[in-house]
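Be aware that the sequence shown starts at 23, since it is given in our numbering, and climbs by one per residue.
Cβ atoms here follow ideal geometry from the backbone N, Cα and C, with glycine treated the same way.
Note that the structure is predicted; figures quoted are calculated from it, not measured.
Down below is the structure, laid out as structure tokens.
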Amino acid sequence: MSPIPRRSLLKAAAAAGAAAQFSWALGAKDAQAAPRTEAADADPVTLDWLEDGGLGAAPGSTVGVPWPMGAFQEDQTFALTDADGKDVPVQSWPIAYWPDGSLKWTAHAVSSGSGKLTLAAGDATAPEKKVTVDRSGGTIDVSTGVIAVKIGKNGSTIVKSVTRGSTEIARNGRLVLIRQPEVEDEDQGTVKTERFDGAIDSVTVEQDGPVRAVVRIDGKHRKGSRSWLPFSIRLYFYAGADSFRMVHTITYDGTQEPGKASGDFIRGLGVRFSVPMRDEAYDRHIRIGGEGTGLLREAVQGITGLRRDPGAAVQAAQYAGQKLPDPATWDQRVTTRLQYIPHWGDYTLSQLSADGFTLRKRTRKGYGWIAAGGGKRASGFGYVGGASGGFSFGLRDFWEKFPAQLDIRDAHTDAAEVTLWLWSPEAQPMDLRFYHDGMGQDTYAEQLEGLNITYEDYEPEFGTPYGIARTSELLFWANESTPTPEVLADQVEAVRVLPQLTAPPKQLIKSKVFGPGLYSEPDRSTAAKAKIEDHLDFLFTYYKDQVEQRRWYGFWDYGDFMHTYDTVRHQWRYDVGGYAWDNSELSPDLWLWYAYLRSGRSDIFRFAEALTRHTGEVDVYHIGQWAGLGTRHGVQHFADSAKQQRISNTTYRRFYYFLTADERVGDLMAANVDSDETFLVLDPLRKVRTDPYTPDRHALSIGFGTDWSGLVSAWLTEWERKGPKWEKAKARVLSTMEGIAAQPNGFVQGSGLYDLDTGKFATADTPVVSVSHLSAVFGLNELCAELIHLVDMPKFNEVYFDYCRYFNATKAEQAARYGSNFGTLLLFQGHSRLDAYAAVQTGDETLAKRAWTKFYSSDGYLESSPWKTEPLSGPVTLVAGSEASWVSSNDTALYGLAAIENLALLGDKMPS
């Protein structure tokens with residue numbers, strides 16, 4: 023028990039009714055009561071689109087909007103209007119609550135809109151064509167008012183049919199997996215493959231209208247008695263839309279052993295639909311996206327370019343995708359010879375790298391392929407159909423997450439087949455084997471020696487992909503006829519950049535979310551402020567450019583970037599142990615999201631979005647013995663043996679979830695609620711402990727920095743969302759805050775013994791000084807700023823402010839306060855934001871001055887740093903471009919966060 027009294031009262035106790043169990047599944051709170059009177063800070067919010075063009079051809083958009091504490095109660099309803107004051111249908115629901123039970127975040131779904139929209143308290147307007155969901159039969163039937171989709175409840179067919187009016191546009195939507203049981207190096211061996219089909223285990227309706235419906239389908243890929251590669255599919259439907267969105271997640275649970283040729287190698291991974299073909303061959307159309315909004319525009323049976331001319335109007339109509347007049351009206355020299363014009367039934371666009379795609383076609387299976395063009399980066403879009411209706415389809419991040427492929431087969435028959443390959447079967451098999459043989463690192467001592475040379479923390483059998491995941495996004499349209507080129511271009515744009523509605527930075531700042539006072543809008547009012555803003559812009563632009571120059575793309579890699587630069591090779595250290603992929607080291611996720619929160623910039627949002635999709639899926643284990651843990655930076659995203667909370671940290675996912683209400687990211691956060699159990703499975707300090715230690719359920723060693731910040735972020739999020747375990751999560755937030763506050767040296771104590779059953783830290787008998795430069799750089803400051811705002815616990819505040827005050831203090835000051843100094847520390851510039859935060863909270867002017875001193879004149883980036891790139895070209899580099907050899911991702915993340923937070927907290931106290 024903690025010796026301090028239970029003074030940790032919430033600033034406002036939650037209302038009794040709010041204590042009832044609340045499902046965090048979206049749609050649970052769709053039904054809304056009459057609006058309440060607005061509170062003082064409940065001003066209308068102007069929402070805008072992240073990019074120009076509004077919703078375009080996308081089915082809909084969902085945005086998260088924050089509110090100041092106490093502004094709205096749980097049963098508040100919301101109305102939306104456009105720039106002309108016209109009502110816009112909207113569906114609203116809560117996604118987070120303040121401790122007093124008032125709304126912290128609400129989600130709002132729209133299925134129309136092109137300009138700015140105003141959100142305010144009021145009664146929502148119902149859409150003219152509502153989304154409806156019927157669960158009563160053998161299928162889940164969803165209607166948008168324009169299209170109807172039947173979703174399977176079991177078996178291997180995910181989507182039974184897609185109809186528009188009385189016309190069936192697509193059917194038999196299913197998942198396809200090709201397994202290659204053996205890989206051979208070089209040119210020996212025979213390639214054999216086997217096909218698995220996705221099989222449904224469960225179907226859940228998470229939301230059922232009136233503007234937005236969400237259906238989740240879970241299962242595994244099966245063949246015979248074997249089931250593997252779990253999948254989780256969500257289908258999104260919006261009112262009045264002729265399209266729907268699919269979010270597709272797979273979790274790898276196969277076996278691939280280093281040094282062995284046999285295993286579970288994925289040769290192809292795709293989503294497949296059948297498309298009924300009713301029109302004459304000359305009225306069947308193929309559209310395949312090339313570069314930009316470019317398209318291959320052809321007919322299955324082309325009547326252009328022939329030796330005989332059917333007529334200019336007929337040719338133009340076919341190229342436009344229009345139904346042709348009766349052939350009896352054509353030039354009969356063409357009509358009488360139609361049977362001699364080939365039918366092109368099969369098309370394939372293959373994107374095997376980020377820099378090139380090829381397109382080919384053939385008449386049908388068994389006959390030769392004909393080259394049909396190529397280019398650099400395809401949009402991932404296609405269409406097959408005819409004058410009586412057709413199916414458009416697209417895969418987001420098509421070339422960025424190569425190898426990808428689009429197939430159209432049998433378009434000359436009664437039913438074409440469309441496959442969107444997330445992993446192209448024409449690529450090399452997905453090889454996830456660990457990259458070296460261990461080099462004799464069999465003991466901890468040898469592994470630490472390896473760490474000292476390559477910075478890789480190796481351990482046998484730890485570099486496994488078992489349990490990592492990847493999410494892809496797809497869009498589908500049911501068209502009543504072949505779309506015009508203009509409509510097709512809009513569909514291509516929606517695939518490439520999914521429209522996103524956003525709340526403005528002013529609302530985020532006003533609502534005090536993600537740490538009150540930690541970020542402010544960019545301010546160039548003084549030369550000093552402008553210079554820091556220039557540096558922040560430089561760093562973001564450099565990383566964005568490096569992604570392109572270094573080709574940091576690929577199915578498993580896209581979204582991440584490298585850790586450290588090799589100045590001799592003019593190359594990032596992609597092949598040197600712990601210097602390769604960054605894997606969220608020192609919180610670049612936070613740097614990017616805070617950069618977006620303060621600016622509202624679309625380019626930063628998209629960069630952070632890709633990073634979040636990557637780090638939350640690929641760098642973290644979702645099943646298996648290390649579920650809930652992430653992997654430290656390395657040559658492969660799963661290679662390093664340091665499996666820790668600091669990488670799976672829920673803090674990094676909160677931004678994207680609350681800004682978009684994305685259900686998949688919500689899954690990832692919910693999965694971490696019980697990740698304190700992982701400390702029973704794996705001791706993060708097992709290689710460096712000097713005292714005997716065996717994990718004990720009632721006395722687990724957990725650090726107050728990287729460990730606790732990961733745990734408390736998951737608990738806080740579950741509490742805010744009122745998830746299924748929110749009461750347990752709330753109790754753990756409060757009890758562990760109390761436990762840290764009760765330690766003889768607070769945060770400086772370093773770690774404590776944690777009881778899994780009670781959720782409490784034991785209070786140490788004697789003071790210990792144990793401070794690491796890493797403790798506060800994985801989101802601790804940002805989390806503590808949120809916790810201190812939410813929870814009234816003066817003792818916790820005191821010990822955290824002390825930690826902030828003394829990390830950057832002199833050794834003499836540390837020793838005077840704690841009896842000994844903190845030893846050799848690093849990352850002073852990054853910790854200047856702790857100085858700044860504590861200075862504001864305590865009113866300490868000396869600390870405020872030190873914050874800027876450490877920011878400008880310690881380690882990290884200095885004003886005297888070059889702040890520019892140098893050109894690179896052959897023969898010193900593979901691809902011409904530029905380098906800033908003085909830049910490292912650790913310093914970038916720390917400088918970015920320190921600059922953003924110091925400007926917000928102490929921008930008025932900058933040195934002259």
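The Cβ-Cβ distance between SER133 and GLY76 does not fall below 7 Å. For HIS243, DSSP records a beta bridge to GLY220 and TRP250.
Relative to SER414, the option among GLY262, VAL184 and ARG591 whose CA is nearest is VAL184.
Taking the CA atoms as reference points, GLU302 sits about 28 Å from TRP443. Membership of THR864 in the alpha helix (DSSP H) is indicated by the continuous run 850-864.
Between the beta-carbon of PRO149 and that of VAL237 there is about 18 Å, and that puts the pair past the 8 Å contact cut.
The Cβ atoms of HIS270 and SER547 do not sit closer than 7 Å to each other. Between PHE259 and VAL164, the C-beta gap is smaller than 7 Å, which places the two residues in contact.
Rounded to whole angstroms, the separation of the alpha carbons of GLY774 and GLY725 is 6 Å.
As computed with DSSP, ASP662 is found in no beta bridge at all. Assigned with DSSP and collapsed to three states, ALA491 falls in strand.
Under the criterion of beta carbons closer than 8 Å, VAL517 and GLY408 do not qualify as touching, at roughly 21 Å.
One alpha carbon belongs to PRO766, the other to THR739, and they sit about 29 Å apart.
In this structure, ALA283 and GLU204 form a Cβ contact; the two beta carbons are roughly 5 Å apart against a cut-off of 8 Å. Here THR504 is near GLY412, since their CB atoms are less than 7 Å apart. Rounded to the nearest angstrom, the Cβ distance from ALA617 to GLY918 is 7 Å, consistent with a contact under 8 Å.
Just so you know, the alpha carbons of GLU867 and ALA858 end up roughly 10 Å apart. When the alpha-carbon of VAL153 is set against those of ASP787, VAL112 and THR179, the nearest one is in VAL112. For VAL909, there is no enclosing alpha helix (DSSP H), as DSSP marks it with neither H nor E.
By the Cβ-count criterion, HIS720 is exposed, with fewer than 16 other Cβ atoms from all chains shown falling within 10 Å of its own Cβ. Looking from the CA of LEU856, the closest CA among GLU885, TRP889, PHE800 and TRP908 belongs to PHE800. Per DSSP, ASP787 lies in no beta strand (DSSP E) segment and is marked neither H nor E. The three-state reading of DSSP puts MET91 in coil, since its state is none of H, G, I, E or B. In the three-state scheme derived from DSSP, where H, G and I count as helix and E and B as strand, MET268 is classed as strand. For PHE562, the enclosing alpha helix (DSSP H) starts and ends at 549-571. Of the residues assessed, GLU320 falls on the buried side of the cut-off, its CB having 16 or more other CB atoms within 10 angstroms. Put simply, the backbone Cα of VAL67 is about 22 Å away from that of ARG743. Per DSSP, PRO116 lies in no alpha helix (DSSP H); the unbroken beta strand (DSSP E) holding it starts and ends at 113-119. The shortest C-alpha to C-alpha distance from LEU900 to any of HIS592, ALA80 and LYS387 is the one to HIS592. Between TYR477 and GLN469 a beta carbon distance of about 12 Å is seen, past the 8 Å cut, so the two are scored as non-contacting. Between LEU251 and TYR274, the beta carbon gap of about 7 Å places them in contact (Cβ cut-off 8 Å). Annotation for ARG711: no alpha helix (DSSP H) segment contains it, and DSSP assigns it neither H nor E. Nearest to THR700 by alpha-carbon distance, out of TYR674, GLY656 and VAL642, is VAL642. In the DSSP assignment, the residues bridged to ALA101 are ALA142. At the C-beta level, LYS172 and LYS182 come within 7 Å of one another. Annotation: ARG330 is outside any alpha helix (DSSP H) and is labelled neither H nor E by DSSP.
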